[in-house]
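Notes to accompany the following structure.
Numbering (the numbering used here), first residue to last: 143 to 797.
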């Protein structure tokens, strides 16, 4: 008996490795967006309906194409760009969407995590109620850097023999290349080599006045060069500025409101800004948010002027967490010398790459070091030479330039300094008074590693009527592995979910009165996947291919590997004594057409002889040799010609 389409689809459609395979055709690539593929030689290319979409099609136009594949690239919504797409259930989401389509049948939905990208592949058919023609859909959805790449093939199911193999090769050839589009994922974004400072003063109407809203932009490699000015771009006066991995700047008002405050985001590239949903806790009476910094994970930190409240904002998860609520420096032996009333602040800080931070004492520019892991300060202050003997030291920034040199900058009174920590010496770089400095190019994220393969395999699907695609919840579904057998329960919609061992071959057995029984081998793959199973009704006109029925080359001699499938057909005819069948033989189109017809007739006769020798009455079996007149796939290459060399049976009577 025929092996149901489970293994057929697995072998033909899904045996393709997730890496693109070399194939004949015309290359198509976009280095800026970061992809390449190969489309069939006789297909055409056109722009899609949406800007940026590309359509590959066969025929005269995309609108009248016999088959077409559309490639689209879309940015994910902000609330989804940082998610693990597979962990958030994309495969199940595709399955639910397909199940809502009329008369849908899932041949395969599976997922793959390649580390640098994630992917869901799918294969299904559907047809509107009342429509005879079914549509076959193959697709790949890939997620990288906050973008979704989707390549989807669609064609009438009747075109499968002509275009399906070409569509499969086109989909398999799609590969993501190079860096492509800049990543929108917070944890993958690498900072550029720019640093920023909030300008403390401005000259207006002939006099100096507080600014704290204008931002200066510098190159780390040359901070002495004239800055690019972002004039009064903050909607409030601010002392605190941090730079995110998205190369946007984050700030909060310096107003001592003692109330929760929203963090503001400013994009220097677009010169646009808006408030985020991140809310810092109340900072305490007579206190302000005085400084901000970025760590190696892209998290943002804000601290109050009394150093008693340090808060972390994680853009990847939108979490806001208090790191400490009491100043650790109060434990230091030197604290009485810097912590007396009106002594100035030591809260302005920068983060290092070793889970610690430097703070600067505003009165004389001395450095303090605190461990974030233990929340304990180093025992001694680090005084610096080369600084003026007056107060006004307002921030620190640790950066790395393009040459890989570590640079520590100090914002002092009317000047920016570069600090040599080992020599404890500061050198003036340029003029300017800044309340806070921001940058993060020190902390470029490491390249993503390939994810470990899951050890569990969950097979989801439905048992459907092959003709109507209606669910068959009364079917008996058994899976066996070795000597153990499990009955798989079906829901009222004939849906199932079976947790299997990865890489094992399960035997699937399905039975339902009035239907041809299915007996299929199934290889489980890592991770969750979806595949429906169809049972063919035992009705006049039902046609089933006899998989695994093979012959010697150019002969009508059955190979021993054919016997298990033929024995299943014997069992079917024995269980249904009123059933009659017509055997139908097919060949490819290689050679003389008339000789192919004769060969197909002889092979039908060989199958009939086998069935009769096993006790089936000769009168219940008729035969027909069709040669190469009814191909089910292209005859242009051997890989598809072999699909045309087949024997099938058609039910001609049921009592």
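For every residue, glycine included, the Cβ atom is placed at its ideal position computed from N, Cα and C.
Whole-Å CB distance - residue 648 paired with residue 622, under 8 Å assumed: 7 Å
Exposed unless 16 or more other CB atoms sit within 10 angstroms - verdict on residue 785: buried
Check whether residue 765 and residue 746 have beta carbons under 7 Å apart: yes
Cβ-Cβ distance between residue 503 and residue 432 below 7 Å: no
Bridge partner(s) assigned by DSSP for residue 454: 443 and 463
Under the three-state DSSP convention, the category residue 159 falls into: With a pLDDT of 34 at residue 159, under the threshold of 50, the modelled position of that residue is not reliable, and the figure given next carries that caveat. In the structure shown, residue 159 sits in coil (DSSP, three-state: anything other than H, G, I, E or B).
Nearest to residue 541 (by Cα), restricted to the options 553, 570, 571 and 580: 580
Alpha carbon of residue 348 to alpha carbon of residue 371, nearest angstrom: 20 Å
Beta-bridge pairing of residue 788 - partner residues as DSSP gives them: 728
Nonlocal neighbours in the same chain, by C-beta distance under 6 Å from residue 418, ignoring five residues either side: 405 and 407
From 192, 514, 339 and 301, residue whose alpha carbon lies closest to that of residue 556: 339
Distance between beta carbons of residue 327 and residue 356, contact taken as under 8 Å: Wrong, their Cβ atoms sit about 31 Å apart, outside the cutoff.
Proximity below 7 Å, CB of residue 811 to CB of residue 493: Only positions 143 to 797 of the chain appear in this structure, which leaves residue 811 out of reach.
Local Cβ density within 10 Å of residue 733, reported as buried at 16 or more and exposed below that: exposed
Residue range of the beta strand (DSSP E) that includes residue 758: Residue 758 -> no beta strand (DSSP E), and no H or E assigned at all.
Where residue 431 falls: helix, strand or coil (DSSP): strand
Complete runs of the beta strand (DSSP E) confined to the stretch 477 to 532 [at least 3 residues]: 491 to 493, 498 to 502 and 509 to 513
Residue 285 - partner residues in DSSP beta bridges: 260 and 290
Euclidean distance between Cα positions of residue 163 and residue 573: In this prediction, residue 163 scores a pLDDT of 39, lower than 50, which makes its location untrustworthy; no coordinate-derived value is stated.
Buried or exposed by the 16-neighbour rule on C-beta atoms within 10 Å, applied to residue 460: exposed
Backbone secondary structure at residue 776 - three-state DSSP: coil
Contact set for residue 165: own chain, Cβ-Cβ below 6 Å, skip 5 residues either direction: The predicted model places residue 165 with a pLDDT of 47, which falls under 50 and marks its position as unreliable; any figure quoted below should be read in that light. Cβ neighbours of residue 165 beyond the five flanking positions: 180, 311 and 315.
The stretch 255 to 268 touching the stretch 199 to 216, judged by at least three CB pairs closer than 8 Å: no
Stretch pair the stretch 710 to 722 + the stretch 636 to 654: three plus CB contacts closer than 8 Å: no
Range of the contiguous beta strand (DSSP E) that encloses residue 712: No beta strand (DSSP E) holds residue 712; the alpha helix (DSSP H) holding it covers 705 to 717.
Simplified DSSP state of residue 643, which is helix, strand or coil: strand
Beta-carbon proximity of residue 675 to residue 789, cut-off 7 Å: no
Identity of the residues DSSP links to residue 350 by a beta bridge: 345
Residues of its chain near residue 757, where Cβ-Cβ distance is below 8 Å and the 5 sequence neighbours each way are ignored: 712 and 716
Nearest residue (CA-CA) to residue 752, options 533, 706 and 728: 706
Buried versus exposed, by CB contacts within 10 Å (16 or more), residue 227: buried
Nearest-angstrom beta carbon gap, residue 384 and residue 442 [assumed within contact, 8 Å]: 5 Å
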